[in-house]
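Comments concern the structure below.
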Amino acid sequence: MNIFKTQNNLTVEWKDLNWRKLEKVTFKLQKRIFQASERGDVKAVRKLQKTLIRFWSAKCIAVCRVTQDNQGKNTAGVDGVKSLTPSDPKATYKPCRTIKVNQ
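Numbering (the working numbering), first residue to last: 5 to 107.
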């Protein structure tokens, strides 16, 4: 049983996520990035790209595409795991580790 904490501190299971809404919200932000790039507003593009990276919906969609929709979902990755069951995407939804490099 996979339960995630969302932005509003509600718990939601992976299978119960409103995927259409997540796609819509993410697409709207991607559209705003495109419009800003068409205007030539580099500052707005970078700001929106940072926002997209931190978007919870974008992270969920990325995990879904890699673990369920992707053609290579049955190919083993560097960790040796071939595929995840629908009840196991929580294992991949972890924030990346930040490493500071001294120059």
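C-beta: ideal position from N, C-alpha, C; glycine also. Nothing here was measured: the structure is a model prediction, and the numbers come from that model.
For the stretch 29–74, the full-length alpha helix (DSSP H) segments reaching 4 residues or more read 46–58 and 60–68 along the chain. Exclusion of the five residues before and after V49 leaves I37, A40 and S41 as the residues of its chain whose Cβ lies within less than 7 Å of its Cβ. Within the model, the alpha-carbon separation for K35 versus K28 is close to 10 Å.
Here I65 is actually not in contact with L33; their C-beta atoms are around 11 Å apart, not less than 8 Å. A62 is a Cβ neighbour of T30, given a cutoff of 8 Å. DSSP places K104 outside both helix and strand once states are collapsed to three, so it counts as coil. W23 counts as exposed, since fewer than 16 other beta carbons sit within 10 angstroms of its beta carbon.
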